[in-house]
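Since the structure comes first, as structure tokens, the remarks are kept for the end.
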Amino acid sequence: MYFFFLFRYVGNLSRDVTEVLILQLFSQIGPCKSCKMITEHTSNDPYCFVEFYEHRDAAAALAAMNGRKILGKEVKVNWATTPSSQKKDTSNHFHVFVGDLSPEITTEDIKSAFAPFGINGE
Numbered sequence: 001m002y003f004f005f006l007f008r009y010v011g012n013l014s015r016d017v018t019e020v021l022i023l024q025l026f027s028q029i030g031p032c033k034s035c036k037m038i039t040e041h042t043s044n045d046p047y048c049f050v051e052f053y054e055h056r057d058a059a060a061a062l063a064a065m066n067g068r069k070i071l072g073k074e075v076k077v078n079w080a081t082t083p084s085s086q087k088k089d090t091s092n093h094f095h096v097f098v099g100d101l102s103p104e105i106t107t108e109d110i111k112s113a114f115a116p117f118g119i120n121g122e
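Here the sequence shown stands for residues 1 to 122, numbered as in the UniProt record's numbering.
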């Protein structure tokens, strides 16, 4: 399941959005490994999956890109999940659990680690 923690689902895309554009935008957050655009020939909006090299960059992408307008459409960004584990839209949830840390890690260490992403730890 850890595999999916490197992927982002990006939905509600304009039909004019390309994989190249998505990679340009998301690479501003962190290095991206790949982007796979899914375009169905129905009324459904295109969507894509963006793969990051690092989990922290995938997590930052949620905070930075969810709700942002790309070519005039407000996109939805969420964790990619397997169909069986997809239960509900969590794009409006803003809590991050950080656990299994060394006893030497302090609250200030955590706040400092998340500060560049605009997360204040409150």
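Beta carbons are placed, not taken as given, at the ideal position from N, Cα and C, and that holds for glycine.
As the structure is a computational prediction, the values presented were derived from the model and not from experiment.
Cβ-Cβ distance between residue 14 and residue 105 below 8 Å = Looking up residue 14 in the sequence shown gives position 14. Looking up residue 105 in the sequence shown gives position 105. Result no, Cβ atoms of residue 14 and residue 105 do not sit closer than 8 Å.
Residue 75, enclosing beta strand (DSSP E) - first and last residue = For the purposes of this step, residue 75 is taken as the residue at position 75 of the sequence shown. Taken as a continuous stretch (DSSP letters only), residue 75 belongs to no beta strand (DSSP E), as it is neither H nor E.
For residue 114, does the three-state DSSP call read helix, strand or coil?
-> For the purposes of this step, residue 114 is taken as residue 114 along the sequence shown, with counting starting at 1. Residue state, collapsed to three classes: helix.
Check residue 38 in the structure and name its three-state DSSP category.
-> Stepping through the sequence shown from its first residue, residue 38 is reached at position 38. In the structure shown, residue 38 sits in a strand (DSSP, three-state: E or B).
Expressed to the nearest angstrom, what Euclidean distance is found between the alpha-carbon atoms of residue 118 and residue 81?
-> As a first step, residue 118 is located in the sequence shown; it is residue number 118 there, counting from the start. As a first step, residue 81 is located in the sequence shown; it is residue number 81 there, counting from the start. In a straight line, the C-alpha of residue 118 is about 25 Å away from that of residue 81.
Tell whether a beta-carbon distance below 8 Å holds between residue 8 and residue 50.
-> Along the sequence shown, read from residue 1 onward, the residue named residue 8 stands at position 8. Along the sequence shown, read from residue 1 onward, the residue named residue 50 stands at position 50. Contact: yes.
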